[in-house]
Amino acid sequence: MGLETLIALVVLLPLAGAALNGFFGQLHGKRLSGYLACAVMAASFACAASAVAGLSGLSPASRSVTSVLYTWMDASSLRVEMAFTLDPLSGVMILVVTGVGFLIHVYSLGYMAHDDGRVRYFSYLNLFVFFMLVLVLGASMPVMFLGWEGVGLCSYLLIGFWFEDAAKATAGKKAFLTNRVGDMFFALGMFSLFWATYQAGSGTLAFAGLKANKHLIEQATVGAVPLATFAALCLFIGATGKSAQIPLYVWLPDAMAGPTPVSALIHAATMVTAGVYMVARMSWLYQMAPGVMELVAWIGALTALFAAAIGLAATDIKKVLAYSTISQLGYMFLGVGVGGYVAGIFHLVTHAFFKGLLFLGAGSVIHGCHGNQDIRKMGGLKDKMPWTFWTFLVATWAIAGLPPFAGFVSKDEILYEAYNSPHGSLALWLAGVVAAVMTAFYMFRLFTLTFLGAPRMGKKDFDHVHESPAVMTVPLAVLAGLSAVGGALNLPGGIAHALHLPRVLSDWLAPVFPVEATAHASNEWALMGASVLVALAGTLGALHVYYRQKTVPVADNARLTVPVRMARDKFYVDEAYDILIVKPVRGLGRFLAGPIDKRVIDRVLAELPPAVAYWLSARVTSLQNGNVQAYAVVLFGGTVAILAYLTLYLR
Amino acid sequence: MLTAIVFYILATLCVVTAVLTVTLANPVTCALSLIACLMCLAGLFAQLSAGYVAILQVLVYAGAIMVLFLFVVMLLNLTREEADEGTFGTARALTSLVCVAFLLDLYVFVDAAVGTRDFTEALEGFGSLAGVGEALFSRYLVPFEVISLLLTAAVVGVVAITRRQLSVSKASEPLKVAR
Amino acid sequence: MLPIVLPVDTGDLTALGPLLAVLIAALGVLTVDMTFEREEARGRWSFIVGLVGAGLAAGCASLWQWEAPGRAILGGALYADAFSSFFDVLLATLLGLTLVVSWYCLDRVKVKPAEFTGLAVLSFSGMFLMVRAADMLTLFLAIELMSLPVYVLAGLSAGSKTGREAALKYFVLGSLASAILLYGMALVYGVTASLGYTDIAGYLATASRESGVENPLFLAGLALMLVGLGFKVAAAPFHMWTPDVYEGAPTPVTTLMASGVRAAAAAALLRFLAGAVLLTRGHWMMLVWALAALSMIAGNVGALAQTNVKRLLAYSGIAHAGYMLLGLFALPRGAGGFSMYVAVYALSVLGAFGALQWFDDRGRETVDIEDLAGAGKRHPWMASVMTVFLLSLAGIPPTAGFAAKWFVFAAAVQAGYVGLALLGVMTSLFGAYYYLRVVIAMWMDEPADISGADQSPTTGLVLGLLALAVLFIGCFPGWLWFLADLASSKLV
Amino acid sequence: MTPAPIHYLVVSALLFTTGVVGVLTRRNMLVILMAIELMLNGANLAFVAFSRMHHQLDGQVVSVFVMTVAAAEAAIGLAIVVQLFRQRGTVRVDETTLLRG
């Protein structure tokens, strides 16, 4: 099979699975639908692996293969092909998406075994993977946008998969709204790039074409702002929506309403990393806009800090993981923001391993505890669920940044870049380090409260706790293995140098990213030591408080110190959003919809020149709502306005 | 000179009766002044060498459409309160002002375009039945056919919308009456 | 005696095939209506005749040699060209779909099927005329032929509290707009001394700058005509009737108003502005610019606060009128985008209203968003179908709506109207919000007591196929764009 | 002074505008229908005047058609008004405001 065919297969297999399950799922039965979904994922992963293997057989300079399915849209000078490009960057992504995706599909077989909506669930899940693959493989911005919107859609469908309570519906709405803000900016950025290249006579939106025309983009401006800055900024705002960064992160914690494997796949391992991927994909653009890069880095750092702070106080097992996801995504943005694209992508990959594992482990815990998600009511699960316990420990170890697991290596590299890169600074590094302490702390807090100590649930409930079936624990074990050794993908420069080992990921991605290798600074070992120390500090702190002192978080607000209480209430951000954005938008809608139908003359004309307005209002109020003559007046008023404009024009 | 006098008389009458149509309180008098207005308009058509149109104006408008109006006005037999319009308040005054603005605008455009043009002498037979008829059946054959459809649609529509009342009262035999 | 030569030849008749098919169907329905005694048989047979007419019309239209150069036929009253064929196919499809999706709902809203079918087919014959009208008189008559049956249809529901009010509002405003349109035609005629589009275009091409498009009377006439046509496509500020009438009319009638009527009106607008008037003059475009911007803002903002799905779709329709107008800025290339947008919008909105009829099992006049709550749980298939239509209206890939928006936005950007395109992108954010509110209600809210259980599988199947078509166009928009462009770019 | 086209057009504009005033200000639906007739007639006068000015019959033909359209429109309009009157017992537009928002 040619490489092009393989690429197409990688994308189309999950679509076929979704279609088969979606259209005929009820016919071939619930049991089969799960196996079918897993089978297509396995096949897709196999295709992805052989495609990447094929790619590695090419010379590094020519490692970019485009598979054109057909011409999607062709409006004379703007031609968009339904094309997928496999290059080292998208290669890494498809391996993660299909690989982790496959494991989560397998896990779902067990997790969703008793759910009536299984067919629908697997259909959505396959569809999601399809769109995610479109997103990462898309050869042009519109195709990426197709995947971008598609994953959002599947995410909403899956969030709302269990819609027993109204809160889940609200969660869906929030996710919609915040993501659409981001999507709008994505579209703006896309159009501005097209505008720039079109003006110069070669309108295109293909990544390759845009990159080839980057001199045109560099010359263009929007008003006084360089177009590159404008476009990079718009795209980044789009990324903050999808990747849950300040200020558009609010939807992600609420998105945990969906089934846990969904949280693992979509809201941890794949979709939310789309923003990071996009920034990495457009790295040449960001290189032209250093100001935006700095913004990206700072937003990432602040998000990492902010979300970790909230994570310190959360008591719902999935919410803790959600905030930790936001925080880790912040790390990735910090990485790409300082120009450490490889570091960012590396963390993306390892994060997919350990965060996927954490969510699946949490799912196993919830599954075992019959739906309980409150860590204050857990504890002592260690012996009841040994597999979950050990794998969860590996993942916690990894995310806390303790050597030698994957999380340590990738996080260390980001911190290293944050300090040493030309775009980095001490302040960014410090922010990262503080976030690292908090990460280690809240993760071990979670771990301790869940698995160690004495059980804090009823005796009867505790007796019923059971380990999950093998179909769920095997994926956990595989992911635990990956979380443990994943760091070997890109050993720290110093170690690699000392042991004469290759830095696989750096070498692999080298053709994609602008060459701006940060020289191996002498402070590498010092920085690494600092990383280890802070991770240890956080870990030991958590163990001290929650294991030795057996502290249990309390519900009573009065006994909490103010910062903790604020953290637990999410810094009142939701409330602030409600007051600052949701209410104004609604109000705007009402305000502007009012004039159109309600008391037409009353409002529309009264808002016009005030002198006329006051004179009018008395009579106007007598015109009733829904009065056809009021409509006629607006119609005719419009006519007169047009004529008046023409009169002025003729003058 | 005579044409001018006739024109001014007809035009004045036409406008005055039009204004009366939209200002008088009683719908019956409104309808009557509208008839008067349409008659004057027929006169103006005649002056413009549109004899056929003028005749149709009298026959179709005054003869048919306005009779229909009067019929409905009488049928509904509006009570005093129903017919009463209330006072001419500020909103209406303002609306009228918008209309005046429209009129002025329109005048500016018309005056700028044809303000200085004069009529040329009309040819013999211009606007006669024969001339208009020929146009109707050759150049305007399609519109002529469309108008027949339009009338069909109107008939069907009116039957459909009023049939309901009949079927309420005479449920057994709804259609025969209407058709 | 004057020799009267009828300007008909047989070649013209083939070009008129679709129109004739619908006309014959209209007469057939009337005949059926008079022939059968039993209400049920009348309804069934008129439905069949109507469907056959739609099928024949579509068939005839697709036989047209699309590459052939367009020409005026029948004494210059009608055009026979690819543009009319494109819209013939669209309108025939809309007619067939309108009849099918409304069929089972008519009973519930207490409209007699025979009357609905008869008036709908008559109205559609007006639409077929509109898209091929070659002079202002035919255009005016076609608009009236299209509108009069719809005025009646709006008020036809026996049990409705609001239908007649809707009919009255639509009638009063529609007549006002028609009269304004007519006055505009008079002024244009006063300048060009002709009613035919070709003559108007010829006049403009030959006239000097002072007497041509700069002629004040001509400008005023065009402006008034724009008002009249703008009313029919529901562009702001001539849109005020839309929400009330859409809400008050029985849903089958609303379906027809939102899809067929607006598609035909948009086609007529494009033909007139692009064919008869050389639109690309700066100041004149300012007016269209203002209408487009105003429509996008008024429609999208107005829809935000709506709780009634019909009103919501009405407001959003105003916004869509704005998006359509974007296509006018990049003539001739934008013409294809415009036509494609019209087609996609008409199909999507027809689907949305059709699904609404499917869900509304009691034939109520108002369907609130909360009435659809939990539809995804009870009727996952139909809820998916409705979701596809709503996503298409919101312009989210991979639905047809995204592709259509893409083409008009791209056309506007290429023509240099970046500001307007950006406004479109931004206001479509609002759009996504309110459409998705319905989607969320269907999939994530507690089920309401909407049953839709005894709904027709046929209707469901047809709507499902339409949804698939919408997805298909979204994934493969190329052929539709090709046809739309082929049909429309020659207008200019 | 012999009447020139502009004089007829002024009358036509006056008629049309009077009709608009009627539509916009009168409460009685029947009178509103009459006002619409006035507008159509205003347009007709313009057509006929231009027809005479250009020495060309098209305008007159249009006015014949418009009369027919006016008849059809009036019939439909009156039918709707009558039906509304039967349902609501009023012909005042300001009292038919159930649909709003």
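Chains as they are written, first to last, in this note's numbering: chain A, 24 to 674; chain B, 291 to 469; chain C, 54 to 545; chain D, 476 to 576.
Quick reminder that beta carbons are idealized off the backbone N, C-alpha and C, glycines included.
Assign A312 (chain A) to one of two classes, buried (16 or more other C-beta atoms within 10 Å of its C-beta) or exposed (fewer than that). buried
Output yes if chain B places a C-beta closer than 8 Å to the C-beta of F168 (chain A); else output no. no
Members of the region 505-524 of chain D that neighbour chain B once the beta carbon cut-off is set at 8 Å: L505, V506, L508, M509, A510, E512, L513, N516, N519, L520, V523, A524
Residue span of the alpha helix (DSSP H) that contains V129 (chain A), given as start and end: 111-134
Assuming W534 (chain C) and G389 (chain C) form a contact by the criterion Cβ under 8 Å, report the distance between their Cβ atoms to the nearest whole angstrom. 6 Å
So with Cβ pairs under 8 Å, would you call G421 (chain B) a contact of chain D? yes
Exposure label - Q49 (chain A); buried when at least 16 CB within 10 Å: exposed
Are the region 172-188 of chain C and the region 440-448 of chain B touching, with three or more C-beta to C-beta distances below 8 Å? yes
Sequence-distant residues of its chain with Cβ nearer than 7 Å to G534 (chain D) (five each side left out): F522, V523, F525, S526
Under DSSP, the beta strand (DSSP E) around M439 (chain C) begins and ends at which residues? Boundaries for M439 (chain C): no beta strand (DSSP E) harbours it, while the alpha helix (DSSP H) harbouring it runs 433-447, taken from the DSSP string.
Considering only heavy atoms of the ligand ADP, does any lie closer than 7 Å to the CB of L271 (chain A)? This structure lacks the ligand ADP, and indeed carries no ligand of any kind.
Am I right that M542 (chain D) and Q347 (chain B) are in contact with their C-beta atoms under 8 Å? What's the rounded C-beta distance? 7 Å
Rounded straight-line distance, which links the Cα of G415 (chain B) to that of A285 (chain B): Here chain B has residues from 291 to 469 only, and residue 285 (chain B) is not among them.
Which listed residue (A:T662, A:A533, A:N149) has its alpha carbon closest to that of A391 (chain B): A:T662
Name the DSSP beta bridge partners of Y132 (chain C), please? C:A125
Mind pulling the alpha helix (DSSP H) runs of 4 or more residues that sit fully within the region 383-429 of chain B? 419-427
What three-state label does DSSP hand D435 (chain A) in the structure shown? helix
Let me confirm a value: S491 (chain A) is counted as buried when at least 16 other C-beta atoms fall within 10 Å, else exposed. Which label applies? buried
So that I know if they touch, is there some Cβ in chain D lying closer than 8 Å to that of R91 (chain C)? no
Going by the beta-carbon positions, is the gap between N516 (chain D) and L328 (chain B) smaller than 8 Å? yes
C-alpha distance - V400 (chain B) paired with L272 (chain C), whole-angstrom precision: 11 Å
Assuming the contact rule is C-beta atoms closer than 8 Å, G424 (chain A) and S554 (chain A) should be a hit. Round their C-beta distance to whole Å, please. 6 Å
Along the alpha helix (DSSP H) that carries L228 (chain A), what are the first and last residues, could you check? No alpha helix (DSSP H) holds L228 (chain A); DSSP gives it neither H nor E.
Identify whether F107 (chain A) lies in helix, strand or coil by the three-state DSSP scheme. strand
Figure out for me which residue from D:Y483, D:L559, D:T500 has the closest Cα to the Cα of C330 (chain B). D:Y483
Tell me where the beta strand (DSSP E) around T714 (chain A) begins and ends. Outside the modelled stretch of chain A, which goes from 24 to 674, sits residue 714 (chain A), for which no answer is possible.
Which of helix, strand or coil DSSP assigns to P530 (chain C): coil
CA nearest to the CA of A110 (chain C), picked from C:S138, C:M87, C:Q359: C:S138
Which whole-angstrom value describes the C-beta separation of F154 (chain A) and T121 (chain A), a residue pair presumed to lie in contact below a C-beta threshold of 8 Å? That pair is no contact at about 13 Å.
Any chain C beta carbon closer than 8 Å to L310 (chain B): Look at L310 (chain B): its C-beta is not under 8 Å from any C-beta on chain C.
Alpha-carbon to alpha-carbon, L169 (chain A) and D739 (chain A): It is not possible to answer for residue 739 (chain A), since the shown part of chain A is limited to 24 through 674.
My output table needs one value for L524 (chain A): the three-state DSSP class, helix, strand or coil. coil
Beta carbon of L559 (chain D) nearer than 8 Å to that of D297 (chain C): no
Verify the CB distance criterion: does D620 (chain A) have a CB-CB separation below 8 Å to chain C? Confidence at D620 (chain A) is low in this model, with a pLDDT of 31, below 50, so the placement of that residue should be treated as unreliable; the coordinate-derived value is given next. Chain C contact via Cβ: present.
In terms of alpha-carbon separation, which member of C:M238, C:G513, C:E218, C:M377 lies closest to R552 (chain C)? What is shown of chain C runs 54 to 545, which leaves residue 552 (chain C) out entirely.
Pair every Cβ in the region 88-98 of chain C with every Cβ in the region 204-215 of chain C, then say whether three or more of these pairs are closer than 8 Å. In short, these stretches do not touch, since the Cβ pair count stays below three.
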